[in-house]
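The next block holds one structure in the form of structure tokens; read it before the comments.
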Amino acid sequence: MSLSPFVHRVPVSFFGMVLGVFGLGSAWRYAATLGLGPAWLGETLIFAGSLIWLTLALVYAGRCLTKPKAVREEFLNNNQFSFISLLPAGGVLVSIGLHPYNLMLANTLMIAGAAGQLIFSAWRCAPLWRGEFAAEATTPGFYLPTVAANFICAMAFGTAGHQDIGALFLGAGLISWLTLEPAIIHRLRTQTELSGPARGVIGVQLAPAFVACYAWLCVNGNHFDMFALLLLGYGLLQLLFMLRLVRWFFAGGFSPSMWAFSFGLSAMANASLRLAHSRQVIDMQVLSWILFSLANLLLAGLIVKTLWLLVSGRLLPTK
């Protein structure tokens, strides 16, 4: 039986699953160093996230070989191309998990992924400066190539001990976020309402502040300073907005597009653990454990619902 039909039914947006599963694993790996959980839990989730990335990378390679025209159309599609950036960026994330096991392989993957995401961003995003880009296509998915990918690189290089390089990537992601956010929020408020499963992409809006906070902590040695608190505060505001819109998001039922929320949630889990470890005052302790528990609960729900769709044969689109 040919695998071609299966390969071409896997949406490129599935790379978002890597961010959530791997990010949750990173949180539990850190929790284990504090004696707050078993080491196997974090490593299992990191392995699962790495396996998902490898599987999706092979699937995407298969699509490039068998139907290059369709891949090119996806690359040129303003509503889809952003998720392709998660292929190299996901590799950078996986390098963090590999670091304790195989330093050479981890560094190779980190450098290759960082170079890949920069090349993709320059090749695909720079031409948008020529104009004639539809405002309706300016959704939170736009954060992925220039914001999320650079934050991931900041995490990886910071964790690997290259704080100066990590700071460069952090700056690239941070300023990109600040320049993109006004246009994206303006689109969400004033343009046509996103319908059905397309609403899931708004979940990416949860990510920038929490991911920036986590990336900053990776670069500065996990010191939860005032800047980290400022970023966390804006993330909390976005979280409240998302909770207010839950019924609207799920009006059409659960779909894999809801994984767009996962990167922000996993970064929230990582940041909140570091907040709990750094700030021993009661108010910060209460806040951090509420956020960590909420992130775990919601991410576990995403995993369970997705596994149910997989078992019932409804995970992939029919065409």
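For the sequence shown, the numbering used here assigns the number 201 to the initial residue and increments by one for each residue that follows. For every residue, glycine included, the Cβ atom is placed at its ideal position computed from N, Cα and C.
Worksheet entry | M442: first and last residue of the uninterrupted alpha helix (DSSP H) it sits in | Translated into positions along the sequence shown, residue 442 becomes position 242. Where M442 is concerned, the enclosing alpha helix (DSSP H) stretches over M426 to R444.
Practice prompt. Taking 8 Å as the cut-off, decide whether the C-beta atoms of F492 and G223 are in contact.
Written response: Translated into positions along the sequence shown, residue 492 becomes position 292. Translated into positions along the sequence shown, residue 223 becomes position 23. For F492 and G223, no; Cβs fall outside 8 Å.
Worksheet entry | Inter-residue Cα distance where the pair is L465 and G331 | Here residue 465 corresponds to residue number 265 of the sequence shown, with the count starting at 1. Here residue 331 corresponds to residue number 131 of the sequence shown, with the count starting at 1. Straight-line Cα distance between these residues: approximately 33 Å.
Discussion item. Check whether the region 290–301 and the region 355–372 touch, using three or more Cβ-Cβ pairs below 8 Å as the test.
Written reply: yes
Discussion item. Can you tell me whether E332 is helix, strand or coil according to DSSP?
Written reply: Stepping through the sequence shown from its first residue, residue 332 is reached at position 132. Note: E332 maps to coil in three-state DSSP.
Discussion item. Classify F214: buried if its beta carbon has 16 or more other beta carbons within 10 angstroms, exposed otherwise.
Written reply: Position 14 of the sequence shown holds residue 214. With 16 or more Cβ atoms within 10 Å of its Cβ, F214 is classed as buried.
Item to complete: Report yes or no: do three or more beta-carbon pairs, one from the region 273–281 and one from the region 326–342, lie closer than 8 Å?
Response: yes
Practice prompt. Quick one: measure Cβ to Cβ for V401 and G452, integer angstroms, because I've assumed they're closer than 8 Å.
Written response: Start at 1 with the first residue of the sequence shown, and residue 401 comes out as number 201. Start at 1 with the first residue of the sequence shown, and residue 452 comes out as number 252. With a Cβ gap of about 13 Å, V401 and G452 do not count as contacting.
Item to complete: Determine the DSSP secondary structure at S462, reduced to helix, strand or coil.
Response: Taking the first residue of the sequence shown as 1, we reach residue 462 at position 262. Residue state, collapsed to three classes: helix.
Worksheet item: Taking the alpha-carbon positions, what's the A409 to S285 distance?
Response: Here residue 409 is taken as the residue at index 209 of the sequence shown, counted from 1. Here residue 285 is taken as the residue at index 85 of the sequence shown, counted from 1. Distance between the alpha carbons of A409 and S285: 19 Å.
Worksheet entry | Own chain, CB closer than 6 Å to R399, minus 5 neighbours either side, in chain order | Walking along the sequence shown from the start, residue 399 turns up at place 199. Excluding sequence neighbours, R399 sits near F449.
Discussion item. Within a Cβ cutoff of 8 Å, which residues of the same chain sit near R209, ignoring the five residues on either side of it in sequence?
Written reply: As a first step, residue 209 is located in the sequence shown; it is residue number 9 there, counting from the start. Here the set comprises L516, P517, T518 and K519.
Practice prompt. Can you have a look at A460 and say buried or exposed, based on whether 16 or more other CB atoms are within 10 angstroms of its CB?
Written response: To locate residue 460, count along the sequence shown from 1; it is residue 260. Burial call: buried.
Worksheet entry | R514, buried or exposed, once every other Cβ within 10 Å from all chains shown has been counted against 16 | For the purposes of this step, residue 514 is taken as residue 314 along the sequence shown, with counting starting at 1. R514 comes out exposed.
Worksheet item: Using CA coordinates, which residue listed in G316, A335 and E336 is at the minimum distance from A349?
Response: Here residue 349 is taken as the residue at index 149 of the sequence shown, counted from 1. Nearest option by C-alpha distance: G316.
Practice prompt. Using only alpha-carbon positions, find the residue among L429, S457 and T308 that is nearest to K505.
Written response: Along the sequence shown, read from residue 1 onward, the residue named residue 505 stands at position 305. For the residues L429, S457 and T308, the minimum Cα distance to K505 belongs to S457.
Practice prompt. Could you check which residue in A322, A360 and V259 has the C-alpha nearest to that of L309?
Written response: Stepping through the sequence shown from its first residue, residue 309 is reached at position 109. The candidate whose alpha carbon is nearest that of L309 is A360.
Worksheet item: Does the count of Cβ pairs from the region 402–422 and the region 366–376 closer than 8 Å reach three?
Response: yes
Discussion item. In whole angstroms, give me the CA-to-CA distance for Y343 and V404.
Written reply: Translated into the one-based positions of the sequence shown, residue 343 becomes position 143. Translated into the one-based positions of the sequence shown, residue 404 becomes position 204. Cα to Cα, the separation comes out at about 8 Å.
Worksheet item: Using DSSP with H/G/I as helix, E/B as strand and the rest coil, what is L234?
Response: Translated into positions along the sequence shown, residue 234 becomes position 34. Three-state result, L234: coil.
Item to complete: Indicate whether the contact test is met: 3 or more Cβ pairs, each with one atom in the region 471–479 and one in the region 423–442, closer than 8 Å.
Response: yes
Item to complete: Compute the Euclidean distance between the alpha carbons of L509 and A383, then round it to the nearest angstrom.
Response: Numbered from 1 along the sequence shown, position 309 holds the residue referred to as residue 509. Numbered from 1 along the sequence shown, position 183 holds the residue referred to as residue 383. Approximately 34 Å, taken between the alpha carbons.
Fill in: Burial state of Y522 (16 or more Cβ within 10 Å)
An answer regarding residue 522 cannot be provided, because it is not within the stretch 201 to 519 covered by the chain.
Item to complete: Please list, in chain order, all residues of the same chain as Q438 whose beta carbon is under 7 Å from its beta carbon, the five residues on each side excluded.
Response: Counted from its first residue, the sequence shown places residue 438 at position 238. Around Q438: Q405, L406 and A409.
Item to complete: Decide if C413 is buried, meaning its Cβ has at least 16 other Cβ atoms within 10 Å, or exposed.
Response: One-based indexing of the sequence shown puts residue 413 at position 213. Buried is the call here.
Fill in: Candidates I311, A471 and A227: closest to D425 by CA position
Here residue 425 is taken as the residue at index 225 of the sequence shown, counted from 1. Comparing Cα-Cα distances from D425 to each of I311, A471 and A227, the minimum goes to A471.
Worksheet entry | Proximity of S395 and T346 at Cβ, strictly below 8 Å | To locate residue 395, count along the sequence shown from 1; it is residue 195. To locate residue 346, count along the sequence shown from 1; it is residue 146. No; because the gap between Cβ atoms is not below 8 Å, this pair is not in contact.
Practice prompt. Go to Y414, then tell me how far its alpha helix (DSSP H) extends in each direction, as first and last residue.
Written response: Counting from one through the sequence shown, the residue named residue 414 turns up at place 214. Its alpha helix (DSSP H) spans residues A407 to N420.
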